[in-house]
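Asks: I am attaching a structure below and will ask some questions about it afterwards.
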Amino acid sequence: METLRVGLGERSYEIIIGEKILDRLIEFIQSKRYSSTGLVTNETLWDIYKNTIVELKKDLPLSIFIIPDGEEYKDILWFYHLHTKLLQNRFDRSSCLIAFGGGVVGDLTGFVASTYMRGIDYIQVPTTLLAQVDSSVGGKTAVNHPLGKNMIGTFYQPVFVLIDTGFLKTLPQREFRAGMAEIIKYAVIWDEKLFSFLRENSNKISDMDHHALRSIIARSCEIKAEVVSRDERESGLRAILNYGHTIGHAIETVTGYRRFLHGEAIAMGMYGEALIARGRGLIDNSTANEIKGLIKLYGLEPSIPGELRGNDLISSMLLDKKAKAGRIRIILPERIGKVTIEEIDKEEILRAINDARV
Ligand SMILES: NC(=O)c1ccc[n+]([C@@H]2O[C@H](COP(=O)([O-])OP(=O)(O)OC[C@H]3O[C@@H](n4cnc5c(N)ncnc54)[C@H](O)[C@@H]3O)[C@@H](O)[C@H]2O)c1
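Using numbering that gives the first Met the number 0, read the sequence shown as starting at 0 and increasing by one per residue.
Structure (structure tokens):
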């Protein structure tokens, strides 16, 4: 088992990573003497992990709150519904919530915890690869608004993150691959060694070898923890975590968030943004190809589909709050393991998008 620490002064917390480590959740909660504990999960996870969750009830007085499965339920109505449940169950300021699920359950539960009685503790037990390496760490909580994704939310850190890689065994392959995109992102922005490790151990990782998985998940969390500790509220450095996300987010938006999983869009975004960097002479062709090769190695598609019009993607990027006077801020690799942030005009982006078609 590995233990990491997110250093944020009095809001610091531990992340533990291992297999079959749910006992540590019980120990943590018992040590805190919470007045009550509620576990939020969704219907899919409840079906798969009902026995595991019920087992926890032997050691913890636990209320269980189940939401439907889907991004569309990460909304203000389910936020309100959970508040109602907490009030009905007489949760007080010394209560605690556990988010048991992927990023949807984690973001919603974190947001509820941050507002219920002006804030109660919450614990993240992420069950998707994306949630294990990204959304469970860093304290961004949110629900969606019909006019925009993640538009209502808070920065509110969990008190503990427990990552059990065993949960990944039931995760659909497509979700696993999408989570790999975020790990590739950490390698490109921060860690050349991780990049080489991913290249050399793709068989082990794809076969869910526990040691290889634990190692890449721990390294990803370590990088995220380091970045978040230095810039919790994204006033500077934290923006580098958005590598691949400017183009990726535009791809998600123009396809109505239905055609691609987040990680699939980010994979294309990472390649497109690598081509912008190549166009500016920041990286050479072989580095852009290395990034493309790693994306493909994990079964993700780097090319941007021809039917997604470049101008539609650009229009979506220009609507983003980070765009300024027709120029768009994009994270660009300078080499594997290092990125820079530059303001790019739309013609340059358009050229890269067209180059990323094949
Ligand atoms: N807070 C942040 O910093 C942050 C960062 C990235 C993404 N997000 C958010 O995360 C969300 C996406 O998260 P996600 O990719 O985890 O999607 P998700 O939570 O929708 O989970 C994906 C699917 O996998 C299922 N699932 C989860 N764990 C499983 C398991 N162990 N076995 C079988 N099935 C399982 C879920 O029921 C769901 O159907 C988005 O809402 C996004 O905005 C937040």
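All C-beta atoms in this analysis are idealised placements derived from N, C-alpha and C, irrespective of residue type, glycine included.
At what residues does the alpha helix (DSSP H) containing Ser195 begin and finish?
Replies: Element bounds for Ser195: 191-199.
Asks: Beta-carbon separation of Thr339 and Leu281 under 9 Å?
Replies: Yes.
Asks: Quick one: Cα of Asp344 to Cα of Asp283, how far?
Replies: Straight-line Cα distance between these residues: approximately 20 Å.
Asks: Can you pull the DSSP bridge partners for Arg4?
Replies: Bridge partners of Arg4: Glu13.
Asks: Based on the DSSP output, what are the partners of Asn310 in its beta bridges?
Replies: Answer is none; Asn310 lacks a bridge partner.
Asks: Beta-carbon within less than 7 Å of Ile151's beta-carbon, same chain only, minus the 5 sequence neighbours each way: which residues are those?
Replies: Closer than 7 Å at Cβ, skipping near neighbours: Ile75, Ala141, Val142, His144.
Asks: Just to confirm the assignment, what range does the alpha helix (DSSP H) spanning Met207 have?
Replies: Met207 -> no alpha helix (DSSP H), and no H or E assigned at all.
Asks: CA-CA distance, Asp311 and Gly262?
Replies: Going by the C-alpha atoms only, they are around 20 Å apart.
Asks: Would you say Lys148 touches ligand 1, meaning its beta carbon is less than 8 Å from a heavy atom?
Replies: Correct: Lys148 has its Cβ closer than 8 Å to ligand 1.
Asks: Is it right to say Asn41 is buried, meaning 16 or more other beta carbons lie within 10 angstroms of its own, or is it exposed?
Replies: The residue is buried, with at least 16 neighbouring Cβ atoms inside 10 Å.
Asks: Anyone know if the C-beta pair for Ile188 and Gly6 falls short of 9 Å?
Replies: Not in contact: Ile188 and Gly6 (Cβ atoms no closer than 9 Å).
Asks: Please classify Asn241 as buried or exposed, where buried requires at least 16 other C-beta atoms within 10 Å of its C-beta.
Replies: With 16 or more Cβ atoms within 10 Å of its Cβ, Asn241 is classed as buried.
Asks: On the DSSP bridge list, what partners appear for Ile329?
Replies: Partner(s): Glu341.
Asks: Taking C-beta to C-beta, are Asp120 and Lys56 nearer than 9 Å?
Replies: Not closer than 9 Å, so no.
Asks: First and last residue of the beta strand (DSSP E) that includes Tyr242?
Replies: It is not in any beta strand (DSSP E) - Tyr242 carries neither H nor E in the DSSP assignment.
Asks: I'd like the list of long-range same chain contacts for Ile329, defined as Cβ closer than 7 Å, with 5 residues on each side in sequence excluded.
Replies: Around Ile329: Thr245, Glu272, Ile275, Glu341, Ile343.
Asks: Quick one: what's got a C-beta closer than 7 Å to Gly305's C-beta in the same chain, skipping five residues either side?
Replies: Excluding residues within five positions, the ones whose Cβ falls inside 7 Å are Arg356.
Asks: When you measure from the CB of Ser134 to every non-hydrogen atom of ligand 1, does any distance come out below 8 Å?
Replies: Yes, the beta carbon of Ser134 sits closer than 8 Å to at least one heavy atom of ligand 1.
Asks: I need the DSSP call for Leu86, collapsed to helix, strand or coil.
Replies: Of the three classes helix, strand and coil, the one that applies to Leu86 here is helix, per DSSP.
Asks: Apart from the five residues on each side of it in sequence, which residues of its chain come closer than 6 Å, Cβ to Cβ, to Tyr185?
Replies: Contacts found: Ser219, Ile222.
Asks: Quick one: Cα of Phe64 to Cα of Asp22, how far?
Replies: One C-alpha to the other measures close to 21 Å.
Asks: Look at the alpha carbon of Ala324 and the alpha carbon of Arg173, and state the distance between them as a whole number of angstroms.
Replies: If I take the Cα positions, the gap works out to 38 Å.
Asks: DSSP puts Cys95 in a beta bridge; with which residues?
Replies: Beta-bridge pairing links Cys95 to Thr36, Asp120.
Asks: Assuming Glu71 contacts Ala217 under a Cβ cut-off of 8 Å, what Cβ separation, rounded to an integer in Å, is found between them?
Replies: That belief does not hold up - the Cβ atoms of Glu71 and Ala217 are roughly 32 Å apart, past 8 Å.
Asks: Could you please give me the residues that DSSP links to Asp163 through a beta bridge?
Replies: In DSSP, Asp163 forms a bridge with Gly17.
Asks: With a threshold of 16 other CB atoms inside 10 Å of the CB of Val227, please say whether the residue is buried or exposed.
Replies: By the 10 Å Cβ count, Val227 comes out buried.
Asks: Using three-state DSSP, classify Phe259 as helix, strand or coil.
Replies: Phe259 falls in the coil class under three-state DSSP.
Asks: Rounded C-beta distance between Phe90 and Thr153? I'm assuming under 8 Å.
Replies: With 8 Å as the limit, Phe90 and Thr153 do not qualify as a contact, their Cβ atoms being about 18 Å apart.
Asks: For ligand 1, is there any heavy atom lying closer than 8 Å to the beta carbon of Pro171?
Replies: Yes, since a heavy atom of ligand 1 falls inside the 8 Å radius drawn around the Cβ of Pro171.
Asks: In angstroms, rounded to a whole number, what distance separates the CA positions of Leu415 and Met116?
Replies: Outside the displayed range of the chain (0 to 357) lies residue 415, so it cannot be described from this structure.
Asks: Ala249 and Ser315 look like a contact to me (Cβ under 8 Å); what is the Cβ gap, rounded to whole Å?
Replies: Sure, about 4 Å apart at Cβ, within 8 Å.
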